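Q: Quick one: this structure, given as structure tokens, is what I'll be asking you about.
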Amino acid sequence: MRPLGLITRRADIRYFLYLSGGSMQSTSSSQPASLSNSQRIVVLIVAFCGLVFDGFELGLMPVASLSVTKSLMGDSFSAEAGGKWFAWYTAALMLGAAVGGITLGNLGDRWGRRRAMSISILIYSLFAGLGAFVQSQEQMLILRFLVGLGTGGMLPNGVALAAECWPNASRALISGLMGAGINVGIMLLGRTAAIWHLSEDSWRWVFYVAAFPAVLAVLSWYIVPESPTWQATRNQSKKKSLALTEMFGPGLLRVTLIGVMLGAIPLLGAWAASKWMLPWADKVASATHPGYKGTVQFWWACGAILGSFMGAQIAKWLGRRVSYFFISLGSVTLTWIMFRYSAPLRPSFIPIVCVQGFVSTLFFGWLPLYLPELFPTRARASGMGLSYNVGRFATAFGVLFAGYLLTKFNNSMPMTGSILGLIYGLGMFVIWLAPSTDDADLPSS
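Numbering (this note's numbering), first residue to last: 3 to 447.
Following this line, the structure appears as structure tokens:
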């Protein structure tokens with residue numbers, strides 16, 4: 003029989019670990035401990051807020067790009083230069099997000115979801131804030147790449163942490179909230195820009211605001227508990243930390259490639275095609291309606307919040323593959339209608355933008371539900387980081403190609419957006435290569 007004092011000391015150690023964000027499991031147990039309800043709520047709130055601010059950073063340049071470029075270029079500004087620099091800023095952000103999502107996603111599997119998420123928030127906040135001090139487009143270009151490092155890392159780590167801390171029965175709801183977070187940030191930015199107008203004489207203030215989430219980064223490091231599923235896997239496994247090369251090895255190669263394709267299509271469609279609605283609205287309406295671009299972004303984001311929340315629910319009701327097929331069909335159709343059959347300041351434009359935002363962002367509620375189901379725990383953040391962010395490499399080049407098309411189409415943003423919007427249609431074919439995971443629990447091995 004073990005001495006009572008030894009039992010007490012072990013209990014005290016386990017209780018201390020619990021209060022510090024650790025798990026209540028013993029070191030010999032392979033089963034993950036359960037978090038308390040309050041701990042799960044903290045995880046959900048912080049991950050959601052991290053994604054809200056992530057969306058604020060992602061939506062910043064589509065709204066501010068022309069104002070920034072006009073200010074920095076002065077009298078040498080032209081419409082062609084405005085379109086070119088919008089494409090370059092977006093490409094830099096996508097490249098940064100691709101690098102950050104892959105490296106910080108892998109860091110989440112090595113160091114833990116909480117730490118990698120906190121680092122991601124700190125990176126995108128600090129470098130976004132430095133945008134207020136730039137004196138040239140080249141300086142802003144470098145900063146947009148660095149901001150992208152953090153925005154790319156936030157998504158796989160925040161989603162993996164939330165998915166692993168909440169029970170399987172809640173995953174559709176949690177995935178919907180995670181998907182909606184980014185678009186809540188875009189909506190808040192759009193509303194802000196509609197009230198306090200961004201212009202070539204007044205734009206630096208919004209970059210000061212973009213630095214605020216650094217406070218959240220510090221708080222999240224100390225108050226958010228780590229995923230008990232990740233901790234149990236780390237305790238159980240005798241292998242060294244997962245290397246990125248293993249994602250392309252036997253057993254993981256097929257699901258990795260499928261995840262990359264499914265994540266790339268909506269990103270390409272959104273950034274190479276849909277986002278042209280904002281500089282288009284700014285170009286058409288800025289002289290007479292200076293807040294119109296913010297209004298467009300606000301209403302697009304309203305639809306997007308509902309769409310990204312409902313994406314997981316629709317996937318649960320219709321099945322993963324059938325729902326992705328119809329989301330792809332709806333997105334390609336509505337993007338074509340938006341660019342070819344409407345225009346800024348027409349009565350039909352805002353309603354179409356809102357509906358397009360709803361349908362095209364169903365993907366981003368669908369992905370947080372489906373992607374974690376493809377990968378085991380020890381590879382989940384790495385797999386999600388690759389799935390979301392390898393596509394961003396393609397997106398960066400797609401955006402630059404969009405800038406090339408823009409010059410070929412005589413600076414016609416609606417022509418460029420409608421042609422590249424056909425990318426959404428690829429999802430109607432790719433989805434049938436993916437495995438069906440309907441009613442499956444998260445793989446734990």
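Virtual Cβ for every residue (Gly too), placed ideally from N, Cα, C.
Please read these numbers as outputs of a predicted model, since none were measured by experiment.
(1) In the DSSP output, which residue or residues are listed as bridge partners for residue 310?
(2) Could you check the C-alpha separation between residue 275 and residue 114 for me, to the nearest Å?
(3) What residues are listed by DSSP as bridge partners for residue 204?
(4) For the alpha helix (DSSP H) containing residue 262, name the first residue and the last one.
(5) If I measure Cβ to Cβ from residue 340 and keep anything under 6 Å in the same chain, skipping five residues before and after, which residues do I get?
(6) Under 9 Å, Cβ to Cβ, is there at least one residue of chain B near residue 169?
(7) Short check: CB of residue 365 to CB of residue 429, under 9 Å?
(8) Check whether the segment 191 to 198 touches the segment 387 to 407, counting contact only when three or more Cβ pairs, one atom from each stretch, lie closer than 8 Å.
(9) Please classify residue 268: is it buried, with 16 or more other beta-carbons within 10 angstroms of its beta-carbon, or exposed?
(10) Reducing DSSP to helix, strand and coil, say where residue 224 ends up.
(11) Do residue 207 and residue 134 have their C-beta atoms closer together than 9 Å?
(12) Going residue by residue through the segment 304 to 375, where are the continuous alpha helix (DSSP H) segments of at least 4 residues, counting only ones entirely within it?
(13) Which of the three DSSP states, helix, strand or coil, is assigned to residue 232?
(14) Under 9 Å, do residue 323 and residue 398 count as touching if we go by C-beta distance?
(15) Terminal residues of the continuous alpha helix (DSSP H) containing residue 418?
(16) To the nearest whole angstrom, what separates the beta carbons of residue 226 and residue 44, a pair I think is in contact under 8 Å?
(17) Would DSSP call residue 64 helix, strand or coil?
(18) Taking the alpha helix (DSSP H) that residue 399 falls in, what are its first and last residues?
(19) So residue 303 and residue 372 are supposed to be a Cβ contact under 8 Å. How far apart are they, rounded?
(20) So, residue 158 versus residue 387, is the Cβ gap smaller than 9 Å?
(21) Measuring CB to CB, does residue 395 end up less than 9 Å from residue 66?
(22) Could you check the C-alpha separation between residue 177 and residue 330 for me, to the nearest Å?
(23) So, is residue 204 buried or exposed, given that buried needs 16 or more other C-beta atoms within 10 angstroms?
(24) With the cut-off set at 9 Å, would you say residue 129 and residue 148 are in Cβ contact?
(25) With distances taken between CB atoms, is the gap from residue 346 to residue 283 smaller than 9 Å?
(26) Which residue wins for smallest C-alpha separation from residue 1, given the options 95, 212, 156 and 166?
(27) Which same chain residues end up closer than 6 Å to residue 110 when comparing Cβ atoms and leaving out the 5 residues on each side of it in sequence?
(28) Please classify residue 90: does DSSP put it in a helix, a strand, or coil?
(29) Could you name the residues of the same chain whose beta carbon sits closer than 7 Å to that of residue 42, not counting the 5 residues immediately before and after it, in chain order?
(30) Is DSSP giving residue 273 helix, strand or coil here?
(31) Counting Cβ pairs, one atom from each stretch, are 3 or more of them under 8 Å apart for the segment 402 to 416 and the segment 75 to 89?
(32) Could you pull out every residue in the same chain whose Cβ sits closer than 7 Å to the Cβ of residue 258, ignoring the five residues on either side in sequence?
A: Straight from the coordinates:
(1) DSSP lists no partner for residue 310.
(2) 35 Å
(3) Answer by DSSP bridge pairing, in chain order: 201.
(4) 255 to 270
(5) 354 and 358
(6) No chain B appears in this structure, which consists of one protein chain only.
(7) Cβ distance < 9 Å, so residue 365 and residue 429 count as in contact.
(8) no
(9) Label assigned to residue 268: buried.
(10) helix
(11) yes
(12) 322 to 342 and 351 to 362, all fully within the segment 304 to 375.
(13) helix
(14) no
(15) In this chain, the alpha helix (DSSP H) harbouring residue 418 covers 415 to 422.
(16) 6 Å
(17) helix
(18) 382 to 410
(19) Actually they do not touch by this definition, with Cβ atoms about 23 Å apart.
(20) yes
(21) no
(22) 19 Å
(23) Classification for residue 204: exposed.
(24) The Cβ atoms of residue 129 and residue 148 lie closer than 9 Å to each other.
(25) A contact, by the Cβ cut-off of 9 Å.
(26) Given that the chain is displayed from residue 3 to residue 447, the structure contains no residue 1 and the question cannot be resolved.
(27) 118, 159 and 383
(28) helix
(29) 167 and 168
(30) helix
(31) yes
(32) So the list reads 249, 250, 385 and 388, once near-sequence residues are dropped.
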